[in-house]
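As structure tokens, the structure follows; a few thoughts come after it.
In the working numbering, the protein residues as written are 2 to 481.
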């Protein structure tokens, strides 16, 4: 089958149906963890967004479990990814500033999987998620791509090509006569971090044309030049609308790029027996609450993230409305291979909610957890300031319990009924009893996360790193 036909076939059949090669009984699955930097949950299919921006990811979700109320543990990259890979909260792992370095004493998902016999590789287009900050712990191969300070981050093709190059090199090594059978059968954990949805944007021309639908699209480079000032000082409504639509085109572009990635993984039989997780580290605000960018608040446009989990041979689509958290991902993946959760992990496995291919099981799961059902499971997020410029005293902690949410900072409290007010425009919702219960829950989480901290080391950011960070919209002038 040639490449073009393969892409067409894959888009038509979806993830589970393409797993055609029988695998040995009880063979551990490969694991693919994709983090799409800055992807809002409402941009995936099935949302109320005006355009369908993720047709390929929607096809994957047809045979997967979709968690509609998944929450990141912070609203910018470093603390959120650190929580994802350690299953611990920002106050615990200490990665709360660009200068922070993840402690070697923290157990990462990659380390845990390597202990269970996995080959591990991580490729990140976000240079912040790099060796200098300790994010390479547990990987046999790790590459964080820092572009030149004045150049946009590496694009999806670079991440995908590096991942495929590493997989092909492993395959060639496994074919050598001196390779042990155990190493030949070694499962793989692959972490891929894409930057298309993060400023500065570089959408494909066809995606830009589709989003603007016959209207004259603005010059993307000109808009990118305006964004840093808009982040700091605000922007006109028409500028925000242009930025949002260019963002949409970037999401649409990445969706097409991921189609290519999955087609190549199908061709290499990587997905014949694999658990696939697709998520984001945080979202993005487009003046939903008067701001632009991320890292400054804990509203849902910033901390509610997409989460799609596809298990091997899953045949039924499941929609889960129960609140879950990124700290739950690592325990879920270890549970999927039959491994116990390490004592340091704070999250809970979602494996009982994920479809496994048995239609009878799936029907039971749908009855219990399916569309429209909600659980009182609670999740917690934090926003620790880097410096005075990034401090938002009203948004230091947030807790979600079912459809109720509390955002707190100092003496300030904002209470939201997410069922009646999903856009969080009415901060004085809920009755006294509900407010008291949420306040007690927030205090319980705060006590929990301050009980087992691991102080992070710090690094000195050189001028080139600061310039690259400013190119991503981060203010690095003031030290924490």
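Cβ atoms here follow ideal geometry from the backbone N, Cα and C, with glycine treated the same way.
Residue i versus the options, residue with shortest Cα-Cα distance
i	options	result
residue 200	250, 211, 206	250
residue 33	334, 322, 55	334
residue 379	440, 426, 162	440
residue 427	91, 56, 290	290
residue 220	74, 71, 202, 231	202
residue 394	403, 383, 404	383
residue 435	423, 415, 216	415
residue 61	46, 71, 336	46
residue 444	400, 418, 417	400
residue 330	133, 84, 105, 131	84
residue 341	113, 448, 247	113
residue 413	423, 402, 422, 429	429
residue 497	37, 94, 80	Outside the shown range of the chain, which is 2 to 481, sits residue 497, and nothing can be said about it.
residue 456	189, 74, 100	100
Three-way DSSP call (helix, strand, coil) for residue i in this model
i	result
residue 338	coil
residue 136	coil
residue 406	strand
residue 401	strand
residue 417	strand
residue 1	The shown model of the chain, from 2 to 481, leaves out residue 1, and the question about it has no answer.
residue 252	helix
residue 23	Note that residue 23 scores 47 on pLDDT, short of 50, meaning its location in the model is unreliable; the coordinates nonetheless yield the value given after this. In the structure shown, residue 23 sits in coil (DSSP, three-state: anything other than H, G, I, E or B).
residue 466	helix
residue 292	coil
residue 94	helix
residue 446	helix
residue 353	helix
residue 122	strand
residue 320	strand
residue 32	strand
residue 459	strand
residue 86	helix
residue 333	helix
residue 265	helix
Proximal residues to residue i (C-beta, below 8 Å), its chain only, five neighbours per side dropped
i	result
residue 164	122, 124, 191, 193, 262
residue 159	126, 146
residue 57	12, 256, 257, 259, 260, 263
residue 1	The displayed coordinates of the chain run from 2 to 481. Any statement about residue 1 would go beyond what the structure contains.
residue 144	123, 124, 125, 163
residue 411	394, 395, 397
Own chain residues within Cβ distance below 7 Å of residue i, not counting five before or after
i	result
residue 69	320, 321, 322
residue 301	425
residue 420	404
residue 254	197, 204, 205, 208
residue 41	284, 285, 302
- Message: Does the contact criterion of 3 or more C-beta pairs under 8 Å hold for the region 94 to 111 versus the region 134 to 146?
- Response: The region 94 to 111, when compared against the region 134 to 146, does touch it at the 8 Å Cβ threshold.
- Query: With contact counted as at least three CB pairs below 8 Å, one residue from each stretch, are the region 310 to 319 and the region 270 to 286 in contact?
  - Reply: The region 310 to 319 makes contact with the region 270 to 286: 3 or more CB pairs, one atom from each, lie closer than 8 Å.
- Task: Please determine if the region 212 to 224 and the region 56 to 65 are in contact, where contact requires at least 3 C-beta pairs separated by less than 8 Å.
- Result: In short, these stretches do not touch, since the Cβ pair count stays below three.
- Scan the region 45 to 72 and note each continuous alpha helix (DSSP H) run of 4 residues or more that stays entirely inside, going in chain order. If we require 4 residues or more, the alpha helix (DSSP H) runs fully inside the region 45 to 72 come out as 56 to 62.
- Segment contact, 8 Å Cβ cut-off, at least three pairs: the region 83 to 94 with the region 346 to 355: Counting C-beta pairs with one atom in each stretch, the region 83 to 94 and the region 346 to 355 have three or more that are closer than 8 Å, which means they touch.
- Item | Length at least 4, wholly inside the region 164 to 250: the alpha helix (DSSP H) runs in chain order | The qualifying runs are 182 to 185, 206 to 213, 221 to 234.
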